[in-house]
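Report on the following structure.
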Amino acid sequence: MLDIRRQSAEVRVGIVGTGFIGRIHARAARQAGARLVGVAGADLANATEGAEALGAEKAFESVTELITSGLIDVLHVCTPNHLHAPIALEAMDAGLAVICEKPLATEASTARLMAQRAKETGVSAAVPFVYRFHPMVREARERLTALGRVSLIQGSYLQDWLLESTDDNWRVDPKQGGPGRTIGDIGSHWFDLVEFVTGDRIAKLCAQTSVVVPQRAGGGPVLTEDLATVQFATASGALGTVSVSQVAAGRKNRLFLEISAASGSLAFDQENPEQLWLGGRSGSEALVRDPLSLSEAARRYSPLPAGHPQGFHDCFDAFVADAYASLSGDAREGLPTFEDGARAALLTDAALRSAQEGGWVEC
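In our numbering, the protein residues as written are -5 to 357.
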């Protein structure tokens, strides 16, 4: 929510967190024409180093100092998961718009509280489920409406960055990353994409989880899942399965989604984002991204001519631009909000409960 005392429409940005994803947020903010005012980190030294790396004007000694400075309109929260909720809640209570990394919180109940606080304060609050912003995802969503009743949804999200016992990260620690690592980190993206593309909701699910690497470089037993498989049914009666893994050798960031409906199927592979597979009884084809042949909904996110590949950075840039547009009341269709973040947290919680209890859980 922009400060009504300001005369300029320029968006002033603060970022908390200076790692990989913080750099992605900073780049997208600059692409959107925003002014990157300040950075806060673990301490002033960390913030100073981060401000220089991210190209910010100033380093702040603490998150609270940044939030209460009066110098920013929107706060990007790019910290480890356990810090998301307290920082985002403080920012919203101060009247700032918030872009918060997923998962919103390490518990579904806290994520729901955050979504409710956003509603109560009236601030813009968004979550970077950026795969929604692939043009071919928007095209899939448009085309699916003409294919009739969806019967089957299948897919996966596979990575290998935690394959070896020497691989370690704060996400492995449930105190920092939360109790659901692979499901919460990448499964949340897949669940959000399914519900966004189909317009349907997962009504119940049954999950299994596994720890493949029982001990890592950080020491102590690994308490969060390396992989999971989930069966589910949607509110409309479609059945589905998904596998998520961070120990799938050779797979770097392969989010795959295939949907079968009454008169056709379609499939999207995030590692080959320029194409959408269209399946039919009499023949199938690969639709290549081309603004001249896409639907209006997809064309809006396809600024480059055919043959000029778009990717993850383009998705993130489009997401941030839409989030900033919402600050002035331009609510663009498909922007993932804290409501969507809370929904993903609920599905993560349901999957973990199912795996623990050994049965179906309603969502």
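Ideal placement from N, C-alpha and C gives every residue a C-beta, glycine not left out.
Query	Result
Among Ile18, Leu341, Thr223, Pro299, which residue has its Cα nearest to the Cα of phenylalanine 185?	Leu341
Is alanine 312 helix, strand or coil by DSSP?	helix
Helix or strand or just coil, what does DSSP make of phenylalanine 14?	helix
Please confirm whether aspartate 334 and phenylalanine 123 have their CB atoms less than 8 angstroms apart.	yes
Put serine 145 into one of helix, strand or coil per three-state DSSP.	strand
What residues in its chain sit with their C-beta under 8 angstroms from that of aspartate 343, if we drop five residues either side in the sequence?	Glu101, Ala102, Gly174
Of the residues Phe332, Leu233, Phe310, Thr12, which one's Cα is nearest the Cα of glutamate 43?	Thr12
Grab me the residues of glycine 149's own chain with a C-beta within less than 7 angstroms of its C-beta, minus the 5 sequence neighbours each way, in chain order.	Trp184, Val236, Phe250, Leu251, Glu252
Below 7 angstroms CB to CB, which residues in the same chain sit around valine 241 once its five sequence neighbours on both sides are set aside?	Asp154, Leu156, Leu157, Val206, Val207, Asp220, Leu221
CA-CA distance, alanine 338 and isoleucine 196?	11 angstroms
Within its chain, find whatever has a CB closer than 6 angstroms to the CB of arginine 135; leave out the 5 residues flanking it on each side and keep chain order.	Val191
In terms of residues, what are the limits of the alpha helix (DSSP H) holding valine 57?	57 to 61
In chain order, which continuous runs of the beta strand (DSSP E) of length 3 or greater are located wholly inside the stretch 258 to 329?	258 to 263, 269 to 273, 279 to 282
May I ask you to list the residues that DSSP assigns as paired with leucine 152?	Ser239, Arg248
Indicate the three-state DSSP secondary structure (helix, strand or coil) for threonine 104 in the structure shown.	helix
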